[in-house]
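To keep things clear, I will list the structure first and then write my remarks on it.
2 protein chains.
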Amino acid sequence: MEKSHGLLIVLSGPSGAGKGTLCKELLRQMPNLSYSVSLTTRSPRPGEVDGVHYFFRSREDVEAMIARDELLEWAQFCENYYGTPRFAVEQAILDGQDVILEIEIQGALQIKKRFPQGVFTFIVPPSLDVLSERIHKRGTETEEVIQKRLATAIQELEYVSEYDYVVVNDEVPVAVDKLKSIIIAEKCRVKRKPFVFKGES
Amino acid sequence: MEKSHGLLIVLSGPSGAGKGTLCKELLRQMPNLSYSVSLTTRSPRPGEVDGVHYFFRSREDVEAMIARDELLEWAQFCENYYGTPRFAVEQAILDGQDVILEIEIQGALQIKKRFPQGVFTFIVPPSLDVLSERIHKRGTETEEVIQKRLATAIQELEYVSEYDYVVVNDEVPVAVDKLKSIIIAEKCRVKRKPFVFKGES
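Rendered as structure tokens:
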């Protein structure tokens, strides 16, 4: 069987859906999955490490990379840039490595245009109450910013129709199992396989 | 969230791929899955029970059912009819019940035309040597019938392109895990969900 390309798994969804938690747990359980670190111009939150959680870059740096088409996608969200460095992702996939991206919805939709063979998965909270609670708990923004995020999150739920899969993040272990199943199943899809049945044993 | 219809999971593939073993193990591990018992005009093999493994029926009975359009699919294979009673499958799916069918390729392709939203999974043996060995081991047919089955099986491998998924049946537990993942993933597909996000908690 010819070597298959890696999968690009895009985890997306509104702020507060818990996609970060799911992504982290998925990476822990699937060590062959590689995480694509995003760029951002926002300030690090307590505990966030440059090059691990994000590449924290200046507006000038990011705008220069956009001009040189070095980002696979980029978006502005709450007045900050977020983006995905292009080269590392493309190279990994060609090498047969599965890559996971955890990104905002605007970015995911850009990637879908450029790379429709990605696995686009939308993470949703179990209810609006839970969503509101999670955004409040983060506790790093002012109430005004929180309300803005919540309103955006509610609007963003409409984008589910653009995705291949939807996973309700009610209980983390259940949601992670679903994500693992999605990855395993996608690897069995006929359209992804240059399937050649070998006569030789 | 509105109630979803059940899935119709079609396990198919050439004779000797081991789809029967996989189907049996899958049903054991997923008790909510319901098995659609096929009809056949062939004689029962030792240990096969009418209404459990197959409904064993006369040619006259099956031809009458075909005339009344009571079969979801039917095919002739090695001079016998095989078919799937329509009503039970359709009713179960409307009730939200997942149904699994284990059928020959001709039958699977008929179902695909009538019911393209089914989950069409092709089971293949890991090599032609293993295929030959498995067909021989069954030991219920003459060498001429075996050779005919083997030649048909090799031709039938071409049909993989008509399917959604392909699972290589090398080790049964690994193949069963893949089938379980396919079912779980398909239940997360956006196109299968009349997704309504409820504001109420």
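Going down the list, the sequences are from chains A and B.
Its first residue numbered 25, the first sequence is counted upward by one per residue in the numbering used here.
Its first residue numbered 25, the second sequence is counted upward by one per residue in the numbering used here.
The C-beta atom is built at its ideal place from N, Cα and C for all residues, glycine as well.
Under 7 Å Cβ to Cβ from residue i, same chain only, skipping five residues before and after it: list those, please.
{"i": "A/Ile206", "result": "Val143, Thr145, Tyr189"}
{"i": "B/Lys202", "result": "Val191"}
{"i": "A/Ala132", "result": "Val34, Ser36, Phe144"}
{"i": "B/Ser156", "result": "Leu174"}
{"i": "B/Tyr78", "result": "Val61, Ser62, Leu63, Thr64, Glu72"}
{"i": "B/Ala116", "result": "Gly30, Ser58, Val123"}
Based on DSSP bridge pairs, tell me the residues matched to residue i.
{"i": "A/Asp74", "result": "A/Tyr78"}
{"i": "B/Pro109", "result": "B/Leu95"}
{"i": "A/Val191", "result": "A/Ile147"}
{"i": "B/Thr64", "result": "B/Phe80, B/Tyr106"}
{"i": "A/Tyr59", "result": "A/Ile124"}
{"i": "B/Phe101", "result": "B/Asn104"}
{"i": "B/Val34", "result": "B/Leu125, B/Phe144"}
{"i": "A/Arg213", "result": "B/Tyr189"}
Let me confirm a value: residue i is counted as buried when at least 16 other C-beta atoms fall within 10 Å, else exposed. Which label applies?
{"i": "A/Ile127", "result": "buried"}
{"i": "B/Leu32", "result": "buried"}
{"i": "B/Glu195", "result": "exposed"}
{"i": "A/Ser82", "result": "exposed"}
{"i": "B/Glu224", "result": "Annotation note: pLDDT 38 at B/Glu224 (below 50); position unreliable, coordinate value reported separately. Looking at its Cβ environment, which holds fewer than 16 other Cβ atoms inside 10 Å, B/Glu224 is exposed."}
{"i": "B/Glu210", "result": "buried"}
{"i": "A/Val76", "result": "exposed"}
{"i": "A/Ser28", "result": "exposed"}
{"i": "A/Lys222", "result": "Annotation note: pLDDT 47 at A/Lys222 (below 50); position unreliable, no value reported."}
{"i": "A/Ala88", "result": "exposed"}
{"i": "B/Asn193", "result": "buried"}
{"i": "A/Glu84", "result": "exposed"}
Beta-carbon within less than 8 Å of residue i's beta-carbon, same chain only, minus the 5 sequence neighbours each way: which residues are those?
{"i": "B/Ser67", "result": "Phe80"}
{"i": "A/Cys102", "result": "Arg66, Val169, Lys172, Arg173"}
{"i": "B/Lys136", "result": "Val34, Gly142, Phe144, Glu186"}
{"i": "A/Ala91", "result": "none"}
{"i": "A/Asp119", "result": "Gly30"}
{"i": "A/Ala177", "result": "Pro38, Ser39, Gly40, Ala41, Leu155, Ile159"}
{"i": "B/Val113", "result": "Leu32, Ser60, Leu96, Val123, Leu125"}
{"i": "A/Arg138", "result": "Leu96, Glu97"}
{"i": "A/Leu181", "result": "Pro38, Val148"}
Confirm, please, whether the CB-CB distance from residue j to residue i is below 8 Å.
{"i": "B/Ile124", "j": "B/Ser60", "result": "yes"}
{"i": "A/Ala199", "j": "A/Leu46", "result": "yes"}
{"i": "B/Gly42", "j": "B/Pro149", "result": "yes"}
{"i": "B/Ala73", "j": "B/Gly107", "result": "Reading the sequence as shown, one finds Val at residue 73 of chain B and not Ala. Not closer than 8 Å, so no."}
{"i": "B/Pro109", "j": "B/Glu94", "result": "yes"}
{"i": "B/Ser58", "j": "B/Gln121", "result": "yes"}
{"i": "A/Ile129", "j": "A/Tyr183", "result": "yes"}
{"i": "A/Thr166", "j": "A/Tyr105", "result": "no"}
{"i": "B/Gln53", "j": "B/Lys204", "result": "yes"}
Got a sec? Which residues, its chain only, sit under 6 Å from residue i by beta carbon, not counting five neighbours each side?
{"i": "A/Ser99", "result": "Rather than Ser, the amino acid found at residue 99 of chain A in this sequence is Ala. Tyr106, Glu128, Gln130, Gly131."}
{"i": "B/Gln134", "result": "Glu97"}
Inset, instruction - Closer than 8 Å, Cβ to Cβ, to anything on chain A: give me those residues from the stretch 182-194 of chain B, in chain order. - result: Val184, Ser185, Tyr187, Asp188, Tyr189, Val190, Val191
Legend entry - Residues from the stretch 194-220 of chain B in contact with chain A, defined by Cβ distance under 9 Å: Asp201, Lys202, Leu203, Lys204, Ser205, Ile206, Ile207, Ile208, Ala209, Glu210, Lys211, Cys212, Arg213, Val214, Lys215, Lys217, Phe219
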